[in-house]
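Report on the following structure.
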Amino acid sequence: MHAEIVVLPGDGIGPEVTTAAVSVLHAVAARHGHRFTFTGHDIGGIAIDRHGTPLPDETLDACRRADAVLLGAVGGPKWSDPNAAVRPEQGLLALRRGLGLYANLRPVQPHPATLGAAPIKPHLLAGVDLLVVRELTGGIYFGDKTRTADAASDLCRYTVAEIERVVRRACTLARERRRHVTSVDKANVLETSRLWRDVASRVAREEFPDVTLEHQLVDSMAMHLLSKPRAYDVIVTENMFGDILTDEASMLAGSMGLLPSASLGDGAPGGDTGRTTTVGLYEPIHGSAPDIAGRGIANPIGAILSGALLLRHSLGLEDEAACIERAVAAALDAGAFTADLAGEQAARDTRAVADAVIAQLEDACHVADLRD
Ligand code: IPM
Ligand code: MN
Numbered sequence: 016m017h018a019e020i021v022v023l024p025g026d027g028i029g030p031e032v033t034t035a036a037v038s039v040l041h042a043v044a045a046r047h048g049h050r051f052t053f054t055g056h057d058i059g060g061i062a063i064d065r066h067g068t069p070l071p072d073e074t075l076d077a078c079r080r081a082d083a084v085l086l087g088a089v090g091g092p093k094w095s096d097p098n099a100a101v102r103p104e105q106g107l108l109a110l111r112r113g114l115g116l117y118a119n120l121r122p123v124q125p126h127p128a129t130l131g132a133a134p135i136k137p138h139l140l141a142g143v144d145l146l147v148v149r150e151l152t153g154g155i156y157f158g159d160k161t162r163t164a165d166a167a168s169d170l171c172r173y174t175v176a177e178i179e180r181v182v183r184r185a186c187t188l189a190r191e192r193r194r195h196v197t198s199v200d201k202a203n204v205l206e207t208s209r210l211w212r213d214v215a216s217r218v219a220r221e222e223f224p225d226v227t228l229e230h231q232l233v234d235s236m237a238m239h240l241l242s243k244p245r246a247y248d249v250i251v252t253e254n255m256f257g258d259i260l261t262d263e264a265s266m267l268a269g270s271m272g273l274l275p276s277a278s279l280g281d282g283a284p285g286g287d288t289g290r291t292t293t294v295g296l297y298e299p300i301h302g303s304a305p306d307i308a309g310r311g312i313a314n315p316i317g318a319i320l321s322g323a324l325l326l327r328h329s330l331g332l333e334d335e336a337a338c339i340e341r342a343v344a345a346a347l348d349a350g351a352f353t354a355d356l357a358g359e360q361a362a363r364d365t366r367a368v369a370d371a372v373i374a375q376l377e378d379a380c381h382v383a384d385l386r387d
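Take the sequence shown: its letters are residues 16 to 387, numbered as in my numbering.
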């Protein structure tokens, strides 16, 4: 297959982790006879510096034409003056919205080798397998904002259609898993949450009778996520709750640096001429980590696993995606840890961890070949 992939390294550790992920995708393409072309474009702080805007038109246009987009991270102290007119994060939000990427998938599967790095008791973590589906283009992130000398406001708004489509996506994904969806809201206080709960209940009842839906308030969900994470399968929630809960959930895995994400709209897999109607965006859930940027020590696994999600969701290459995931698991089993995971052990740098994953592709892909 030939696929055109736009790479948006962004700021901080973004360039380091996307370089690592691209090297793994190259290796997989070579093994499986695919041709992936990678083209870099600016987003975030670096785009503000070079083009005066965090999302240049040229970047958005390139993403629209691509089969898939791989992103590193945006933001950093250089651009975080609270009164700045433009911020790197606006570029990412405009990209998500501009591409219609309303469903953000954030899988959390703690790996046995990294349980020790998690601040939670290991016996609670074994067997945890969560998929958080975060609404990504609505809610308080995108509502009208006001600011006067002595007050400020952010409007939180959701439409029925916005809730329906993301709940449908979550229920559809649950059918491939354990058919259990937990919808998270704050329906005891917020009107948007009461609408969310009504719509989620109706969609599940009418369209997914085979899927069990339960509702949870976000505050108790924050607690249950730590006390009984195995109780959950798919979690669907609005934009800001999903942002917060997935940072929390990353602690189940041991490090923020391990978690990938896929942001999807509607549309079928692309590649060759079959461009998707909306292109998928793949990024690790971590930020730009300015404190360690430029030192080559960032954990590339979240970005590498985002590359696997790209193959699965945008290119329909399930075997190749599973091959990367098995290679990552094997590399972690073999102790390929960056500093965030290493503890007392010697830490490897970003490049070495990517190389350890590539070295495992041979065995990992072999399993996939046998299944063909
Ligand atoms: C994330 C990030 C972004 C978000 C920021 C950088 C705008 O925290 O992807 O989780 O809040 O969505
Ligand atoms: Mn976040």
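Glycine included, each C-beta is placed from N, C-alpha and C at the ideal position.
Sheet register partners of residue i (DSSP bridge)
i	result
PRO315	Answer is none; PRO315 lacks a bridge partner.
ALA167	ARG162
VAL123	LEU145
Straight-line gap, residue i to residue j (C-alpha atoms, nearest Å)
i	j	result
PRO244	GLY142	9 Å
ALA313	GLU222	43 Å
GLY280	ARG79	12 Å
LYS201	VAL21	37 Å
LEU151	ARG180	11 Å
VAL294	THR207	28 Å
CYS338	VAL175	39 Å
THR163	GLY153	24 Å
THR288	TYR297	Any reading at THR288 needs caution, since the residue's pLDDT is 44, under 50, leaving its predicted position unreliable; the model's value is listed next. In a straight line, the C-alpha of THR288 is about 20 Å away from that of TYR297.
GLY257	ILE250	9 Å
ARG363	ARG310	12 Å
VAL214	LEU228	12 Å
ALA88	ILE28	7 Å
ALA167	GLY158	13 Å
PRO103	ALA45	35 Å
VAL39	HIS301	19 Å
ASP355	PRO305	15 Å
MET446	ALA42	As displayed, the chain neither begins before 16 nor continues past 387, which places residue 446 out of reach and without an answer.
Extent of the continuous beta strand (DSSP E) run through residue i
i	result
ILE20	17-25
VAL147	145-150
PRO299	295-299
Residue range of the alpha helix (DSSP H) that includes residue i
i	result
ALA345	333-348
LEU356	354-357
PRO137	137-140
* To do: At 3 residues or longer, and completely inside the region 35-121: list those beta strand (DSSP E) runs for me, N to C.
  => 50-55 and 83-88
* Segments of 3+ residues assigned as beta strand (DSSP E) that fall wholly inside the region 230-280 -> 249-252 and 275-279
* Where are the alpha helix (DSSP H) runs, 4 residues long or more, that stay fully inside the region 173-237, in chain order? -> 175-190 and 206-222
* To do: Go through the residues and name those whose CB comes closer than 5 Å to any heavy atom of the ligand IPM, in chain order.
  => GLU104 and ASP258
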